[in-house]
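Chemist: Okay, handing you the structure first.
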Amino acid sequence: MIVQCPYCGARYEAPPGRRFYVCPYCGTVVSEGRTYERVYIFKPSVDKTAAFRTALGFRPVGAPEDLPAASPTGAELHFLPLYLYHVVFEPLPELETYAAALAMSKPPFELPSGYSFPARWRTPFKPSLERVGVFHQPDLEPEAAFRSLEEVVEEARTYASVFKTRVQVEWSFEGIVYYPFWALTYQYGGRSYGALVDGADGSLLRLEYPLSRRGRAEGLALGVAAALGAAAVGALAAFALGLPPSSGAAGGGLAGLGALLRLTAFAAARRGRYEGGARL
Ligand SMILES: [Zn+2]
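Mapped onto the UniProt record's numbering, the consecutive letters of the sequence shown carry residue numbers 1 to 280.
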């Protein structure tokens with residue numbers, strides 16, 4: 001169906017039957033035909049230039065030395081919708097908290113697994129007529145998105161167990177929060193690579209990068225060393241346990257084989273991939 005944005009007038013295609021509709025141009029949220037008021041945003045703290053500096057200056061293992069001089073080719077600011085919840089744990093009022101969960105089942109890019117979003121430091125959102133980024137549609141119901149906050153609930157249960165208390169989880173839906181990400185592309189040696197930077201805190205979440213010839217050679221050397229080292233440790237452990245050393249060497253060698261295969265694959269590949277860890 002076609003939705004017309006009451007703020008900027010843009011018409012956009014959206015699947016029917018959703019609770020909220022987000023204008024992809026200005027971020028205005030429509031719910032049951034009315035403009036929805038409780039919308040917040042995490043303001044981007046880094047611009048395009050700073051995002052590229054973070055990505056290209058990261059220097060992962062095996063990347064060419066002159067990677068910071070690669071040519072930026074594209075930068076898109078994406079705002080992903082999160083649902084904001086106020087959560088209380090009866091009968092422990094001190095555990096009251098706000099939490100935010102991704103409101104999309106298929107985000108436009110892969111996020112690190114277990115990525116958790118902050119709920120503090122949001123500010124009220126005002127739509128803008130100038131296009132600052134791409135605003136994405138929520139497609140989950142608040143009930144479904146809340147399930148990804150299991151960690152928050154688990155933490156409260158652990159805390160409560162110290163007091164030998166069982167907690168009852170009650171949440172209320174507080175609104176929609178937009179979270180910014182920079183999706184970047186750059187060129188090096190005539191090939192194209194991508195990167196993803198958290199637009200709110202500026203951290204690097206993902207980086208594809210070219211592997212230098214030297215980087216690949218180092219990867220292979222590391223792989224061989226890991227395999228030999230593991231075999232030697234295996235033999236030593238078998239000796240200490242009174243087993244014939246050959247069986248231990250085979251075991252250690254096998255454990256090292258996985259590392260060898262991974263590093264050999266790394267050495268043969270033309271591109272590397274860095275993944276940022278989940279936020280605590
Ligand atoms: Zn609009």
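Cβ atoms here follow ideal geometry from the backbone N, Cα and C, with glycine treated the same way.
1) Looking only at DSSP bridge pairs, what is E208 linked to?
2) Suppose the cutoff is 7 Å on Cβ atoms and the five residues either side in sequence are ignored; what does the same chain contact list for A14 look like?
3) Please report the residue range of the alpha helix (DSSP H) in which R157 lies.
4) Can you give me the Cβ contacts of E208 inside the same chain, cut-off strictly under 6 Å, excluding the 5 residues immediately before and after it?
5) What separation, rounded to the nearest whole angstrom, lies between the Cα atoms of A50 and P44?
6) Looking at the structure shown, is A195 part of a helix, part of a strand, or coil, going by DSSP?
7) Considering only DSSP beta bridges, list what T35 is partnered with.
8) Roughly how far, in whole angstroms, is the beta-carbon of F79 from the beta-carbon of G27, given that I think they are within contact range, below 8 Å?
9) For F58, which of helix, strand or coil comes out of DSSP?
10) Given E275, which residues of its chain have a CB within under 7 Å of its CB, disregarding the five upstream and five downstream residues?
11) Figure out for me which residue from W121, G189 and P6 has the closest Cα to the Cα of V177.
12) Among all the DSSP beta bridges, which residues are the ones paired with W182?
13) Are the stretch 60-77 and the stretch 166-175 touching, with three or more C-beta to C-beta distances below 8 Å?
14) I need the DSSP call for F109, collapsed to helix, strand or coil.
15) Return the chain-ordered list of same chain residues with a C-beta closer than 7 Å to the C-beta of R19, the five sequence neighbours on each side being excluded.
16) Could you check if P127 belongs to the surroundings of ligand 1, using beta carbon to heavy atom distance under 7 Å?
Modeler: Per the coordinate set shown:
1) Its beta-bridge partners are R273.
2) Excluding sequence neighbours, A14 sits near M1, V3, Y21 and Q137.
3) Counted as a single uninterrupted DSSP element, the alpha helix (DSSP H) harbouring R157 occupies residues E150 to V162.
4) Counting only Cβ-Cβ distances below 6 Å, and skipping sequence neighbours, we find Y193, G194, R271 and R273.
5) Here the C-alpha atom of A50 lies approximately 11 Å from the C-alpha atom of P44.
6) Three-state result, A195: strand.
7) For T35, the beta-bridge partners assigned by DSSP are V30.
8) So it is a contact: roughly 6 Å between Cβ atoms.
9) The three-state secondary structure of F58, taken from DSSP, is coil.
10) The residues P112 and R206, in chain order, have a CB closer than 7 Å to that of E275 in the same chain once the five nearest residues on each side in sequence are set aside.
11) Measuring from the Cα of V177, the nearest candidate turns out to be W121.
12) Beta-bridge partners of W182 (DSSP): L77 and V197.
13) Judged by Cβ distances under 8 Å, the stretch 60-77 makes no contact with the stretch 166-175, as fewer than three pairs qualify.
14) Coil, per DSSP.
15) Taken in chain order, the residues that qualify are S31 and E141.
16) Result yes, Cβ under 7 Å from ligand 1.
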